[in-house]
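Participant: Taken in order, these protein sequences are the chains called A and B. In terms of our numbering, the first sequence is numbered consecutively and its last residue is 843. In terms of our numbering, the second sequence is numbered consecutively and its last residue is 843. Please see the structure below; I have some questions.
2 protein chains.
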Amino acid sequence: MRPALRIDGLQYANWSEKIFRQLREGGVDAIHVTISYHENFRETVLNFEKWNRWFEQFPDLIMKGLWASDIDKARETKRTAVFFGFQNPSPIEDDIGLVEIVHTLGARFMQLTYNNQSLLATGCYEAEDTGITRMGKQVIKEMNRVGLVVDMSHSADRSTIEAADLSERPIAITHANPHDWSPALRNKKDDVIRAVTSNGGMFGFSVYPHHLKDKSACTLQSFCEMIARTADRYGVQHLGIGTDLCQDQPDSIVEWMRVGRWTKEIDYGEGSKSAPGFPPMPSWFEDNRDFGNIEDGLRSVGMNEEEVAAVMGGNWYRFFDENFGAKSGS
Amino acid sequence: MRPALRIDGLQYANWSEKIFRQLREGGVDAIHVTISYHENFRETVLNFEKWNRWFEQFPDLIMKGLWASDIDKARETKRTAVFFGFQNPSPIEDDIGLVEIVHTLGARFMQLTYNNQSLLATGCYEAEDTGITRMGKQVIKEMNRVGLVVDMSHSADRSTIEAADLSERPIAITHANPHDWSPALRNKKDDVIRAVTSNGGMFGFSVYPHHLKDKSACTLQSFCEMIARTADRYGVQHLGIGTDLCQDQPDSIVEWMRVGRWTKEIDYGEGSKSAPGFPPMPSWFEDNRDFGNIEDGLRSVGMNEEEVAAVMGGNWYRFFDENFGAKSGS
Numbered sequence: 514m515r516p517a518l519r520i521d522g523l524q525y526a527n528w529s530e531k532i533f534r535q536l537r538e539g540g541v542d543a544i545h546v547t548i549s550y551h552e553n554f555r556e557t558v559l560n561f562e563k564w565n566r567w568f569e570q571f572p573d574l575i576m577k578g579l580w581a582s583d584i585d586k587a588r589e590t591k592r593t594a595v596f597f598g599f600q601n602p603s604p605i606e607d608d609i610g611l612v613e614i615v616h617t618l619g620a621r622f623m624q625l626t627y628n629n630q631s632l633l634a635t636g637c638y639e640a641e642d643t644g645i646t647r648m649g650k651q652v653i654k655e656m657n658r659v660g661l662v663v664d665m666s667h668s669a670d671r672s673t674i675e676a677a678d679l680s681e682r683p684i685a686i687t688h689a690n691p692h693d694w695s696p697a698l699r700n701k702k703d704d705v706i707r708a709v710t711s712n713g714g715m716f717g718f719s720v721y722p723h724h725l726k727d728k729s730a731c732t733l734q735s736f737c738e739m740i741a742r743t744a745d746r747y748g749v750q751h752l753g754i755g756t757d758l759c760q761d762q763p764d765s766i767v768e769w770m771r772v773g774r775w776t777k778e779i780d781y782g783e784g785s786k787s788a789p790g791f792p793p794m795p796s797w798f799e800d801n802r803d804f805g806n807i808e809d810g811l812r813s814v815g816m817n818e819e820e821v822a823a824v825m826g827g828n829w830y831r832f833f834d835e836n837f838g839a840k841s842g843s
Numbered sequence: 514m515r516p517a518l519r520i521d522g523l524q525y526a527n528w529s530e531k532i533f534r535q536l537r538e539g540g541v542d543a544i545h546v547t548i549s550y551h552e553n554f555r556e557t558v559l560n561f562e563k564w565n566r567w568f569e570q571f572p573d574l575i576m577k578g579l580w581a582s583d584i585d586k587a588r589e590t591k592r593t594a595v596f597f598g599f600q601n602p603s604p605i606e607d608d609i610g611l612v613e614i615v616h617t618l619g620a621r622f623m624q625l626t627y628n629n630q631s632l633l634a635t636g637c638y639e640a641e642d643t644g645i646t647r648m649g650k651q652v653i654k655e656m657n658r659v660g661l662v663v664d665m666s667h668s669a670d671r672s673t674i675e676a677a678d679l680s681e682r683p684i685a686i687t688h689a690n691p692h693d694w695s696p697a698l699r700n701k702k703d704d705v706i707r708a709v710t711s712n713g714g715m716f717g718f719s720v721y722p723h724h725l726k727d728k729s730a731c732t733l734q735s736f737c738e739m740i741a742r743t744a745d746r747y748g749v750q751h752l753g754i755g756t757d758l759c760q761d762q763p764d765s766i767v768e769w770m771r772v773g774r775w776t777k778e779i780d781y782g783e784g785s786k787s788a789p790g791f792p793p794m795p796s797w798f799e800d801n802r803d804f805g806n807i808e809d810g811l812r813s814v815g816m817n818e819e820e821v822a823a824v825m826g827g828n829w830y831r832f833f834d835e836n837f838g839a840k841s842g843s
């Protein structure tokens with residue numbers, strides 16, 4: 514029997530041949546990688562260019578992912594398909610025409626905000642959440658038309674619920690956990706998860722320690738029990754993994770993620786003055802070779818094979834298949 | 514019997530629904546349109562965006578052309594496939610990574626120069642021609658790899674011959690005529706046409722009056738006799754049409770083409786102080802509805818049906834089919 518699909522709904526590693534080989538060792542068929550935090554359009558294009566070089570340099574390990582069918586191709590050729598996304602709408606600047614352009618270049622997910630207010634919606638660190646903006650409504654429609662998925666991982670509650678309702682196609686929270694398991698600001702409350710999943714959307718579970726109960730000390734069992742509970746509550750078909758793995762990144766990168774160019778002062782985001790850097794990963798998920806631990810963990814908390822396969826990749830596959838192409842009839 | 518393919522190797526019209534309808538009336542299956550003269554990358558992207566809007570607005574008349582197979586699709590659905598190109602390498606700025614990016618966005622031809630020296634080669638208006646530059650050699654290799662065709666329509670002789678020899682894939686002169694028929698600076702001498710065609714490249718005949726014998730007064734017969742003679746000399750399989758039709762453009766545009774932002778002084782290019790604007794088109798080719806005149810003209814100078822079909826579109830089709838995809842094995 515072929516092993517179940519393994520798809521990771523979000524990573525932002527400091528990419529290298531080492532990590533590409535670990536993806537293969539971990540049997541990872543596809544990953545969604547962030548290529549923009551605060552980059553403008555031209556800077557984002559430089560990041561597409563960087564990946565083009567890696568695809569040219571490592572054709573036996575990775576390939577560009579545009580459609581779900583590329584995951585099949587990657588499996589057949591023992592490679593990992595790499596899909597692109599942005600954690601901020603900065604790549605489209607103030608130009609709705611760039612939505613189709615970045616989709617043509619390969620972008621498949623775009624967060625409407627990072628932590629701050631954007632031109633489109635409100636980020637989860639703002640004091641007030643005014644929901645989807647005028648431009649945001651137009652951009653959601655355009656993203657729906659071309660097949661660029663709305664990702665609300667870092668957005669505030671009202672904005673997320675409005676996006677889930679306004680969007681004519683399912684949206685995603687690619688990387689977060691339920692707030693009632695671990696009450697981090699970035700984790701999602703019941704009504705938010707419900708709005709996303711009840712509209713057909715996806716929720717990806719993060720192993721970034723700031724999103725975990727007991728952070729780096731979180732146990733695999735606690736994480737997997739939380740997944741099983743979430744499946745009972747919202748339906749297993751809406752769940753996937755979105756590790757938020759930031760492997761081998763220097764701490765300067767977490768500062769870039771939090772601060773970008775929007776402030777001259779330091780902002781610790783989910784960290785703190787005493788712990789400003791990347792937190793250590795939990796022992797059971799240090800890199801891409803550890804997906805098997807999560808898979809085994811899900812079995813050990815009582816999920817059946819079909820449910821485990823759905824969470825480990827089957828659901829993301831279906832979601833990619835239905836949401837990356839132009840809207841039918843357009 | 515299905516009418517022969519009609520493909521135009523270059524146009525730069527002031528696009529409108531009127532012209533899109535004329536393309537259909539003229540039975541034009543595909544056109545290569547210029548979307549950049551002096552635009553930088555970001556400005557070129559705005560031009561891609563403009564076309565995306567037109568494809569959305571006029572889905573019954575036009576469609577984006579990426580591959581030769583799109584021409585078949587256009588014919589089946591009675592539309593015109595629009596392929597993109599640049600008359601200058603300004604869209605890739607000084608960044609070789611942009612070659613693949615613009616190809617992904619849909620660019621299929623790029624001139625290594627307009628009239629001036631570029632980062633890549635020498636334009637036909639420079640006093641000295643130093644051939645392909647260091648960056649030019651790298652860019653030709655990259656264009657070959659991804660399937661972006663080298664177009665030397667506006668380049669100087671030595672640069673063109675070197676490009677034809679250096680390129681591992683056939684190159685094109687999309688729009689010009691033989692110099693010995695009409696000795697315009699932009700028309701091409703025997704050794705230049707020979708270098709391009711003997712390496713498998715294409716030569717597209719222009720009906721832009723400055724490239725015609727007797728300019729706007731040129732007769733259809735003279736034009737078609739010239740084509741027949743060129744076929745005898747270099748082989749009919751290397752020839753196509755590249756009208757250089759600039760329909761409905763205001764004269765400010767021909768000034769932009771010539772002057773861009775590279776000078777504060779006026780440069781008349783192929784025009785003159787007394788005739789600075791676009792010249793009037795010959796009576797037998799005023800717009801896209803007149804391709805039939807050229808087709809009939811070729812027959813009346815003795816070309817057989819197979820030869821006429823090759824020149825009117827068959828050769829461009831084959832060339833598109835062989836040269837727009839990634840190099841095999843890469």
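Glycine is no exception: its CB is placed at the ideal position from the N, C-alpha and C atoms.
Which residues in chain A sit within 9 Å of B/Gly610, going by Cβ to Cβ distance?
Facilitator: Counted from its first residue, the second sequence places residue 610 of chain B at position 97. Within 9 Å Cβ-Cβ: Val558, Leu559, Phe561, Glu562, Lys563, Asn565, Arg566.
Participant: Just tell me which of B/Ser813, B/Gly649, B/Pro789 has its CA closest to the CA of B/Ser672.
Facilitator: Sequence index remark: in the second sequence, residue 672 of chain B carries index 159 (1-based). When only C-alpha atoms are compared, the closest one is B/Gly649.
Participant: Could you work out which residues of chain A lie near B/Arg592, taking near to mean beta carbons separated by less than 9 Å?
Facilitator: Numbered from 1 along the second sequence, position 79 holds the residue referred to as residue 592 of chain B. What B/Arg592 touches in chain A: nothing, since even the nearest Cβ is about 16 Å away.
Participant: Could you round the C-beta distance between A/Glu808 and A/Met794 to whole angstroms and report it? I think they count as a contact, below 8 Å.
Facilitator: Numbered from 1 along the first sequence, position 295 holds the residue referred to as residue 808 of chain A. Numbered from 1 along the first sequence, position 281 holds the residue referred to as residue 794 of chain A. Contact flag wrong, Cβ pair sits at about 17 Å.
Participant: Residues of the stretch 611-623 of chain A with a CB closer than 9 Å to any CB of chain B: list them in chain order, please.
Facilitator: Leu611, Glu613, Ile614, Thr617, Leu618, Gly619
Participant: Compute the distance between the beta-carbons of A/Ser680 and A/Thr626, then report whether it is under 7 Å.
Facilitator: Indexing the first sequence from 1 puts residue 680 of chain A at position 167. Indexing the first sequence from 1 puts residue 626 of chain A at position 113. For A/Ser680 and A/Thr626, no; Cβs fall outside 7 Å.
Participant: With distances taken Cα to Cα, identify the nearest neighbour of A/Glu552 among A/Leu661, A/Ser603, A/Val595, A/Arg812.
Facilitator: Reading the first sequence from its first residue, position 39 is the one you call residue 552 of chain A. Of the candidates A/Leu661, A/Ser603, A/Val595, A/Arg812, the one whose C-alpha sits nearest the C-alpha of A/Glu552 is A/Ser603.
Participant: Roughly how many angstroms separate the alpha carbons of B/Ile614 and A/Ile754, rounded to a whole number?
Facilitator: In the second sequence, counting from the first residue as 1, residue 614 of chain B sits at position 101. In the first sequence, counting from the first residue as 1, residue 754 of chain A sits at position 241. Going by the C-alpha atoms only, they are around 30 Å apart.
Participant: How big is the Cα-Cα spacing for B/Asp800 and A/Gln651?
Facilitator: Walking along the second sequence from the start, residue 800 of chain B turns up at place 287. Walking along the first sequence from the start, residue 651 of chain A turns up at place 138. Rounded to the nearest angstrom, the two C-alpha atoms are 37 Å apart.
Participant: Can A/Ala526 and A/Ile520 be called in contact, C-beta distance under 7 Å?
Facilitator: Position 13 of the first sequence, counted from the first residue, corresponds to residue 526 of chain A. Position 7 of the first sequence, counted from the first residue, corresponds to residue 520 of chain A. No, the pair does not count as a contact, with Cβ atoms beyond the cut-off.
Participant: Hey, how far is the Cα of B/Gly713 from the Cα of B/Leu536?
Facilitator: Looking up residue 713 of chain B in the second sequence gives position 200. Looking up residue 536 of chain B in the second sequence gives position 23. Roughly 29 Å separates the two Cα atoms.
Participant: Taking a contact to mean a Cβ-Cβ separation below 7 Å, would you say A/Phe718 touches A/Asn690 in this structure?
Facilitator: Translated into the one-based positions of the first sequence, residue 718 of chain A becomes position 205. Translated into the one-based positions of the first sequence, residue 690 of chain A becomes position 177. A contact, by the Cβ cut-off of 7 Å.
Participant: Assign B/Ile584 to one of three DSSP states: helix, strand, or coil.
Facilitator: Here residue 584 of chain B corresponds to residue number 71 of the second sequence, with the count starting at 1. In this structure, B/Ile584 counts as helix in the three-state DSSP scheme.
Participant: Figure out for me which residue from B/Phe622, B/Met623, B/Leu611 has the closest Cα to the Cα of A/Leu618.
Facilitator: Numbered from 1 along the first sequence, position 105 holds the residue referred to as residue 618 of chain A. The shortest Cα separation from A/Leu618 among B/Phe622, B/Met623, B/Leu611 belongs to B/Leu611.
Participant: What residue from B/Val772, B/Ala708, B/Thr776 has the CA that sits closest to B/Glu783's CA?
Facilitator: Numbered from its first residue, the second sequence carries residue 783 of chain B at position 270. It is B/Val772.
Participant: In chain A, which residues lie with their C-beta within 9 Å of the C-beta of B/Phe554?
Facilitator: As a first step, residue 554 of chain B must be located in the second sequence, where it is residue number 41. Counting only Cβ-Cβ distances below 9 Å, B/Phe554 has contacts in chain A at Arg555, Val558, in chain order.
Participant: Run the CB neighbour count on B/Ile706, radius 10 Å, all protein chains shown included, and call it buried at 16 or more, exposed below.
Facilitator: Sequence index remark: in the second sequence, residue 706 of chain B carries index 193 (1-based). Buried is the call here.
Participant: Near B/Thr643, what residues of its chain come up, given a Cβ to Cβ distance below 7 Å and the 5 sequence neighbours on each side ignored?
Facilitator: Numbered from 1 along the second sequence, position 130 holds the residue referred to as residue 643 of chain B. Once the five neighbours on either side are set aside, the close Cβ partners of B/Thr643 are Thr635.
Participant: My output table needs one value for B/Ser672: the three-state DSSP class, helix, strand or coil.
Facilitator: Counting from 1 along the second sequence, the entry for residue 672 of chain B is found at position 159. Reduced to three states, the DSSP call for B/Ser672 is helix.
Participant: What is the rounded straight-line gap between the Cα of B/Asp761 and the Cα of B/Val767?
Facilitator: Start at 1 with the first residue of the second sequence, and residue 761 of chain B comes out as number 248. Start at 1 with the first residue of the second sequence, and residue 767 of chain B comes out as number 254. One C-alpha to the other measures close to 11 Å.
Participant: Where does B/His545 sit, in a helix, a strand or coil, going by DSSP?
Facilitator: Reading the second sequence from its first residue, position 32 is the one you call residue 545 of chain B. If DSSP states are grouped into helix, strand and coil, B/His545 belongs with the strands.
Participant: Can you find a C-beta in chain D that's less than 7 Å from the C-beta of B/Asn712?
Facilitator: Judged by its chain identifiers, the structure shown contains no chain D, and its protein chains are A and B.
Participant: Enumerate in chain order the residues of its own chain whose CB-to-CB distance from B/Glu606 is below 7 Å, with the five nearest sequence positions on each side excluded.
Facilitator: Taking the second sequence and counting its residues from 1, the one referred to as residue 606 of chain B is at position 93. Residues of the same chain with a CB within less than 7 Å of the CB of B/Glu606, apart from the 5 flanking positions on each side, are Asn553, Phe554 in chain order.
Participant: Return the chain-ordered list of same chain residues with a C-beta closer than 7 Å to the C-beta of A/Lys728, the five sequence neighbours on each side being excluded.
Facilitator: Start at 1 with the first residue of the first sequence, and residue 728 of chain A comes out as number 215. Hits under 7 Å: Pro722, Pro792.
Participant: If you measure between the beta carbons of B/Ile684 and B/Ala676, is that distance less than 7 Å?
Facilitator: Locating residue 684 of chain B in the second sequence gives position 171, counting from the first residue. Locating residue 676 of chain B in the second sequence gives position 163, counting from the first residue. Yes.
Participant: Runs of 4 residues minimum, wholly inside the stretch 584-640 of chain A: which ones carry the alpha helix (DSSP H) assignment?
Facilitator: 610-618
Participant: Below 8 Å on the Cβ atoms is my guess for A/Gln734 versus A/Gly810; work out the distance and round it to an integer in Å.
Facilitator: By 1-based counting over the first sequence, the position of residue 734 of chain A is 221. By 1-based counting over the first sequence, the position of residue 810 of chain A is 297. Correct: roughly 7 Å between the Cβ atoms.
Participant: Identify the residues that DSSP records as bridge partners of A/Ala685: which are they?
Facilitator: For this step, residue 685 of chain A is matched to residue 172 along the first sequence. According to DSSP, A/Ala685 bridges with A/Asp664, A/Met715.
Participant: Have a look at the DSSP bridge pairing and note the partners of A/Pro691.
Facilitator: Here the question's residue 691 of chain A lines up with position 178 in the first sequence. When beta bridges are read from the DSSP output, A/Pro691 appears opposite A/Lys701.
Participant: Would you please state the rounded distance, in angstroms, between the beta carbons of A/Thr756 and A/Phe798? I believe it to be under 8 Å.
Facilitator: For the purposes of this step, residue 756 of chain A is identified with residue 243 of the first sequence, where counting begins at 1. For the purposes of this step, residue 798 of chain A is identified with residue 285 of the first sequence, where counting begins at 1. In this structure A/Thr756 is in contact with A/Phe798, their Cβ atoms being roughly 7 Å apart against a cut-off of 8 Å.
Participant: Applying the 10 Å Cβ sphere with the 16-neighbour rule, what's the burial state of A/Gln630?
Facilitator: Here residue 630 of chain A refers to the residue found at position 117 when the first sequence is read from its first residue. By the 10 Å Cβ count, A/Gln630 comes out buried.
Participant: Do the CB positions of A/Thr687 and A/Ser711 come within less than 7 Å of each other?
Facilitator: Stepping through the first sequence from its first residue, residue 687 of chain A is reached at position 174. Stepping through the first sequence from its first residue, residue 711 of chain A is reached at position 198. Cβ atoms of A/Thr687 and A/Ser711: not closer than 7 Å.
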